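Undergrad: Below is one structure. I have some questions about it.
There are 2 protein chains.
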Amino acid sequence: MKIIVDAFGGDNAPVEIVKGAVEAVKKLSDVELILTGDEQAIKNILKDEKYDGNRIQIVHAPDVISNDESPTMAIKQKKESSLVVGLDMLKNDESIVGMVSAGSTGAVLAGGLLRVGRIKGILRPALAPLLPNLKGGKTLLIDCGANMDCKPQYLEQFACLGSEYMRNMFGIESPRVAIISVGVEDKKGNAQVHETFELLKNNPNVNFVGNMEARDMLSGDFDVLVADGYVGNVALKATEGAFETIMSVLKSEIMASGLKGKIGGALLKNAFKRIKERMDYTSVGGSPFLGVQKILIKSHGSSKAKTIVAAIEQVKTIHEAGVVDKIKAYSASVLDQGE
Amino acid sequence: MKIIVDAFGGDNAPVEIVKGAVEAVKKLSDVELILTGDEQAIKNILKDEKYDGNRIQIVHAPDVISNDESPTMAIKQKKESSLVVGLDMLKNDESIVGMVSAGSTGAVLAGGLLRVGRIKGILRPALAPLLPNLKGGKTLLIDCGANMDCKPQYLEQFACLGSEYMRNMFGIESPRVAIISVGVEDKKGNAQVHETFELLKNNPNVNFVGNMEARDMLSGDFDVLVADGYVGNVALKATEGAFETIMSVLKSEIMASGLKGKIGGALLKNAFKRIKERMDYTSVGGSPFLGVQKILIKSHGSSKAKTIVAAIEQVKTIHEAGVVDKIKAYSASVLDQGE
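Residue numbers (my numbering), protein chains in the order written: chain A, 38 to 376; chain B, 38 to 376.
See below:
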């Protein structure tokens with residue numbers, strides 16, 4: 038199974054990305070990786086690593102797309118960048134199943150659209166991270182930043198894309214879909230929420246359970262949370278910010294509690310570590326860009342080797358679950374019905 | 038200083054509300070309260086309390102507006118409700134400076150608009166809670182739920198309303214205003230954010246510092262966070278939900294850590310208590326509905342006596358800071374300029 042890794046995407050590229058690739062081939066026996074990026078730089082990192090040389094290939098790409106560049110411009114102009122070289126191979130080589138990049142979110146999304154392309158019938162592909170929930174399971178948030186201005190029809194499709202993902206990845210027969218709103222009542226929310234509510238209520242392919250208040254995002258009572266990319270991103274980032282804030286306040290309060298606090302903190306060190314692990318949504322790898330022709334994973338910009346391993350594993354799981362084919366079949370069947 | 042308290046608004050009404058009123062008159066020597074609601078029920082609670090009888094007056098209002106009712110319908114039809122009776126007195130009696138209600142948010146907001154009325158020139162009054170930030174200060178979020186569908190001009194006014202509030206309440210000469218967006222760069226966000234960005238950039242009355250990512254809401258780097266009511270509500274509720282989630286996970290991890298965890302938890306009990314206090318945005322009272330003719334505070338639905346005391350104190354502080362007059366003067370000066 039061939040998977041591309043953008044070796045020059047992300048804050049810790051290329052070292053952590055290449056190390057992650059090495060760990061991944063050790064862990065996943067049926068995976069072959071293609072690293073895109075500056076060949077010499079990648080070789081310099083690889084020379085100190087022990088791995089099966091046949092299973093990591095390098096494709097030279099001297100350019101890098103940074104976070105500061107206009108995503109669309111960069112994708113169109115930087116054809117020798119690690120991202121674009123990877124995406125073009127992903128698009129054109131049938132033997133390659135997916136790609137991972139921790140690079141600029143905007144560029145990965147623009148590249149997914151412009152280089153890999155949408156599945157026929159999908160209006161807007163969407164970025165869909167999995168969030169850990171209070172019941173120990175995962176909740177999919179779709180869209181969390183790919184589409185800023187959405188028609189209700191896009192949100193309806195997000196619900197379908199998310200449902201296919203959760204159904205095939207986790208065997209949830211009838212994923213519970215909610216709209217992120219300002220209350221649970223049917224009439225809550227803005228005009229976009231109201232219209233989406235009506236569409237989802239009447240969509241036979243979606244197990245729509247209604248509006249949800251953002252405070253219940255992590256309750257575990259829902260499998261798929263639907264929002265436009267702006268609102269989904271705000272909800273995700275506010276959650277992340279709140280976690281970081283409380284961990285920081287916790288630390289300062291422990292430090293301020295004198296010896297008692299320090300002993301208490303030391304005794305709870307493992308508990309705190311587990312909380313961080315439980316709440317770390319990047320531990321699953323990255324966010325799939327659902328609705329494009331191939332598997333494309335946007336890994337967190339701060340990804341280290343461990344996250345890259347998880348993201349590569351995620352490509353493998355999505356491939357084995359046949360998610361992209363299921364979305365294609367779904368889209369074709371809905372189109373057949375003239376919808 | 039006369040302040041009205043809706044004795045029948047909120048999950049813990051009337052007992053906690055009335056008890057809060059009694060505590061408030063004990064704490065604040067220059068405050069007189071008018072409680073609206075079922076007279077006999079209020080008297081039954083008051084008879085066990087010791088307080089200066091001259092400083093708490095009851096105005097009988099037999100009806101109650103519930104959370105399930107259509108806010109606008111309820112405000113129009115339930116003229117004998119504790120909320121509407123209070124709002125009408127607030128509107129008509131010049132000696133009354135403000136009102137507190139922990140009742141249905143929708144009804145309080147609809148009532149503020151329909152019964153008390155907007156300040157001339159203010160397009161849309163907005164609900165503006167104060168959030169505790171990491172630097173130990175407060176950050177104002179405006180709007181957090183009053184206006185679901187907003188024009189950029191409304192958001193521009195929210196920035197002005199919020200700035201007046203922070204300037205006069207906390208003596209911050211030039212409050213730093215940010216838009217809640219999906220990144221800090223100028224071009225981030227949806228169409229509404231883009232248009233608001235241009236308006237704020239060119240508004241000489243606002244110290245606009247640009248876009249902000251929702252993860253930095255509580256950083257303390259901003260004084261006023263601007264968003265439409267839908268997005269602001271999602272950001273606030275996601276933050277609340279994340280806090281609750283992490284406190285719940287913390288508890289379960291401590292319980293799962295055996296004796297070590299229990300001792301650690303016991304040693305950190307005070308630290309955890311302080312964290313809850315530091316992060317509890319209801320401890321400041323409630324959210325002012327800025328832009329209406331009088332001071333109107335929406336207190337959290339779950340308010341207990343302590344929160345009601347804080348909300349009454351908040352009315353007093355807002356009154357003494359002259360916030361409503363400052364907003365009126367600001368609005369008049371902008372209108373004079375033909376804007």
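Idealized CB from N, CA, C, for every residue including glycine. Small disclaimer: the values here were computed from a predicted structure and weren't measured.
From residue 243 of chain B to residue 214 of chain B, what distance separates their C-alpha atoms?
TA: In the second sequence, counting from the first residue as 1, residue 243 of chain B sits at position 206. In the second sequence, counting from the first residue as 1, residue 214 of chain B sits at position 177. So the two alpha carbons sit approximately 7 Å from each other.
Undergrad: In the segment 145 to 218 of chain B, which residue ranges form an unbroken alpha helix (DSSP H) of at least 4 residues, counting only runs that do not cross its ends?
TA: For the segment 145 to 218 of chain B, whole alpha helix (DSSP H) runs of length 4 or above, ordered along the chain, are 189 to 207.
Undergrad: With which residues is residue 96 of chain B paired in a DSSP beta bridge?
TA: Numbered from 1 along the second sequence, position 59 holds the residue referred to as residue 96 of chain B. In the DSSP output, where bridge partners are listed per residue, residue 96 of chain B has B/73.
Undergrad: Taking just the CA atoms, how far does residue 115 of chain A sit from residue 278 of chain A?
TA: For this step, residue 278 of chain A is matched to residue 241 along the first sequence. For this step, residue 115 of chain A is matched to residue 78 along the first sequence. Their backbone Cα atoms lie some 33 Å apart in a straight line.
Undergrad: Any C-beta of chain A within less than 8 Å: which residues of the segment 167 to 196 of chain B qualify?
TA: Listed by position along the chain: 171, 182, 185, 186.
Undergrad: Throw me the rounded Cβ distance for the residue 333 of chain B and residue 153 of chain B pair, which I believe falls under 8 Å.
TA: If you number the second sequence from 1, residue 333 of chain B lands on position 296. If you number the second sequence from 1, residue 153 of chain B lands on position 116. 6 Å between Cβ atoms; contact.
Undergrad: Give the DSSP-derived three-state secondary structure of residue 86 of chain B in the structure shown.
TA: Position 49 of the second sequence, counting from 1, holds the residue named residue 86 of chain B. Looking at residue 86 of chain B - three-state DSSP - the assignment turns out to be coil, as it is neither helix nor strand.
Undergrad: Please state whether DSSP places residue 327 of chain B in a helix, a strand or coil.
TA: Mapped onto the second sequence, residue 327 of chain B falls at position 290. Residue 327 of chain B: strand per DSSP, three-state reduction.
Undergrad: At a CB-CB cut-off below 7 Å, which residues of chain B make contact with residue 85 of chain A?
TA: To locate residue 85 of chain A, count along the first sequence from 1; it is residue 48. None at all; the shortest Cβ gap to chain B is about 35 Å.
Undergrad: Starting from residue 287 of chain B, trace the alpha helix (DSSP H) in both directions and tell me its first and last residue.
TA: Sequence index remark: in the second sequence, residue 287 of chain B carries index 250 (1-based). That run of the alpha helix (DSSP H) goes 266 to 292.
Undergrad: Shortest alpha-carbon distance to residue 95 of chain B belongs to which of B/291, B/134, B/70, B/178?
TA: Indexing the second sequence from 1 puts residue 95 of chain B at position 58. It is B/70.
Undergrad: Do you know how far the Cα of residue 189 of chain A is from the Cα of residue 52 of chain B?
TA: The residue you call residue 52 of chain B lines up with position 15 of the second sequence. The residue you call residue 189 of chain A lines up with position 152 of the first sequence. Those two C-alpha atoms are separated by around 44 Å.
Undergrad: Within 8 Å, do at least three Cβ pairs link the segment 128 to 139 of chain A to the segment 214 to 227 of chain A?
TA: No, they do not touch.
Undergrad: Short of 6 Å in beta carbon distance, which residues of its chain neighbour residue 109 of chain A, apart from the five on each side in sequence? Order them along the chain.
TA: If you number the first sequence from 1, residue 109 of chain A lands on position 72. Hits under 6 Å: 147.
Undergrad: Using only the alpha-carbon positions, how far apart do residue 66 of chain A and residue 107 of chain A sit?
TA: Stepping through the first sequence from its first residue, residue 66 of chain A is reached at position 29. Stepping through the first sequence from its first residue, residue 107 of chain A is reached at position 70. Taking the straight line joining both Cα atoms gives about 38 Å.
Undergrad: What separation, rounded to the nearest whole angstrom, lies between the Cα atoms of residue 375 of chain B and residue 161 of chain B?
TA: Here residue 375 of chain B refers to the residue found at position 338 of the second sequence. Here residue 161 of chain B refers to the residue found at position 124 of the second sequence. The predicted model places residue 375 of chain B with a pLDDT of 49, which falls under 50 and marks its position as unreliable, so this point remains unresolved.
Undergrad: Which term fits residue 201 of chain A, buried or exposed, when burial requires 16 or more other beta carbons within 10 angstroms of its beta carbon?
TA: Residue mapping note: residue 201 of chain A aligns to position 164 of the first sequence, counting from 1. Buried, by the Cβ-count rule.
Undergrad: Going by C-alpha to C-alpha distance, which of B/322, B/173, B/228 sits closest to residue 315 of chain B?
TA: Here residue 315 of chain B refers to the residue found at position 278 of the second sequence. Closest by alpha carbon: B/173.
Undergrad: In chain A, which residues lie with their C-beta within 9 Å of the C-beta of residue 137 of chain B?
TA: Taking the second sequence and counting its residues from 1, one reaches residue 137 of chain B at position 100. By Cβ distance, chain A contributes nothing, its closest Cβ being about 22 Å from residue 137 of chain B, past 9 Å.
Undergrad: Along the alpha helix (DSSP H) that carries residue 353 of chain B, what are the first and last residues, could you check?
TA: Stepping through the second sequence from its first residue, residue 353 of chain B is reached at position 316. 342 to 358 is the span of the alpha helix (DSSP H), which, as asked, contains residue 353 of chain B.
Undergrad: For residue 75 of chain B and residue 44 of chain B, I'd like the C-alpha separation in whole angstroms.
TA: What you label residue 75 of chain B is simply residue 38 of the second sequence in a count that begins at 1. What you label residue 44 of chain B is simply residue 7 of the second sequence in a count that begins at 1. Each residue's alpha carbon lies about 8 Å from the other.
Undergrad: Given a cut-off of 8 Å on the beta-carbon distance, is the pair residue 42 of chain B and residue 355 of chain B in contact?
TA: Within the second sequence, the letter at position 5 stands for residue 42 of chain B. Within the second sequence, the letter at position 318 stands for residue 355 of chain B. Cβ distance not < 8 Å, so residue 42 of chain B and residue 355 of chain B don't count as in contact.
Undergrad: Which residues in the same chain have their Cβ closer than 8 Å to the Cβ of residue 369 of chain A, if we skip the five residues on either side of it in sequence?
TA: Translated into positions along the first sequence, residue 369 of chain A becomes position 332. Closer than 8 Å at the Cβ level, and outside the excluded window around residue 369 of chain A, lie 157, 158.
Undergrad: Express the C-alpha separation of residue 271 of chain A and residue 134 of chain B in angstroms, rounding to a whole number.
TA: Here residue 134 of chain B refers to the residue found at position 97 of the second sequence. Here residue 271 of chain A refers to the residue found at position 234 of the first sequence. Looking at the two C-alpha atoms, the distance is approximately 36 Å.
Undergrad: DSSP three-state label for residue 102 of chain A, please.
TA: Taking the first sequence and counting its residues from 1, one reaches residue 102 of chain A at position 65. Note: residue 102 of chain A maps to coil in three-state DSSP.
Undergrad: Looking at residue 203 of chain B: is its Cβ nearer than 8 Å to the Cβ of residue 260 of chain B?
TA: Your numbering for residue 203 of chain B matches position 166 in the second sequence. Your numbering for residue 260 of chain B matches position 223 in the second sequence. Yes, these two residues count as a Cβ contact at 8 Å.
Undergrad: Residues of chain A with a CB under 9 Å from the CB of residue 301 of chain B: which are they?
TA: Translated into the one-based positions of the second sequence, residue 301 of chain B becomes position 264. Neighbours of residue 301 of chain B on chain A, chain order: 300, 301, 302, 303, 304, 305, 306, 308.
Undergrad: Is residue 46 of chain B close to chain A? Criterion is C-beta to C-beta, closer than 8 Å.
TA: The residue labelled residue 46 of chain B in the question sits at position 9 within the second sequence. Closer than 8 Å: no.
Undergrad: Can you tell me the Cα-Cα spacing of residue 127 of chain A and residue 331 of chain A, whole angstroms?
TA: For the purposes of this step, residue 127 of chain A is taken as residue 90 along the first sequence, with counting starting at 1. For the purposes of this step, residue 331 of chain A is taken as residue 294 along the first sequence, with counting starting at 1. Approximately 7 Å between the Cα atoms of the pair.
Undergrad: Kindly indicate if chain A contains any beta-carbon less than 8 Å away from that of residue 375 of chain B.
TA: Here residue 375 of chain B is taken as the residue at index 338 of the second sequence, counted from 1. A caution first: residue 375 of chain B carries a pLDDT of 49, below 50, which makes its placement in the model unreliable, though a value can still be read off. Closer than 8 Å: no.
Undergrad: State yes or no: is the C-beta of residue 301 of chain B within less than 8 Å of the C-beta of residue 312 of chain B?
TA: Counted from its first residue, the second sequence places residue 301 of chain B at position 264. Counted from its first residue, the second sequence places residue 312 of chain B at position 275. Against a cut-off of 8 Å, the Cβ pair of residue 312 of chain B and residue 301 of chain B comes out as no contact.
Undergrad: At a CB-CB cut-off below 8 Å, which residues of chain B make contact with residue 270 of chain A?
TA: For the purposes of this step, residue 270 of chain A is taken as residue 233 along the first sequence, with counting starting at 1. Here the neighbours are 219, 251.
Undergrad: Checking 8 Å against the spacing of the C-beta atoms, do residue 50 of chain A and residue 102 of chain A come in under that value?
TA: Position 13 of the first sequence, counted from the first residue, corresponds to residue 50 of chain A. Position 65 of the first sequence, counted from the first residue, corresponds to residue 102 of chain A. No, these two residues do not count as a Cβ contact at 8 Å.
Undergrad: Please name the residue in A/293, A/318, A/230 whose C-alpha comes closest to that of residue 309 of chain B.
TA: Taking the second sequence and counting its residues from 1, the one referred to as residue 309 of chain B is at position 272. The residue with the shortest Cα to Cα distance from residue 309 of chain B is A/293.
Undergrad: DSSP on residue 368 of chain A, reduced to helix/strand/coil?
TA: Along the first sequence, one-based indexing puts residue 368 of chain A at 331. Of the three classes helix, strand and coil, the one that applies to residue 368 of chain A here is helix, per DSSP.
Undergrad: Of all Cβ atoms in chain A, is any one closer than 8 Å to the Cβ of residue 342 of chain B?
TA: Reading the second sequence from its first residue, position 305 is the one you call residue 342 of chain B. No - not a single Cβ of chain A is within 8 Å of the one on residue 342 of chain B.
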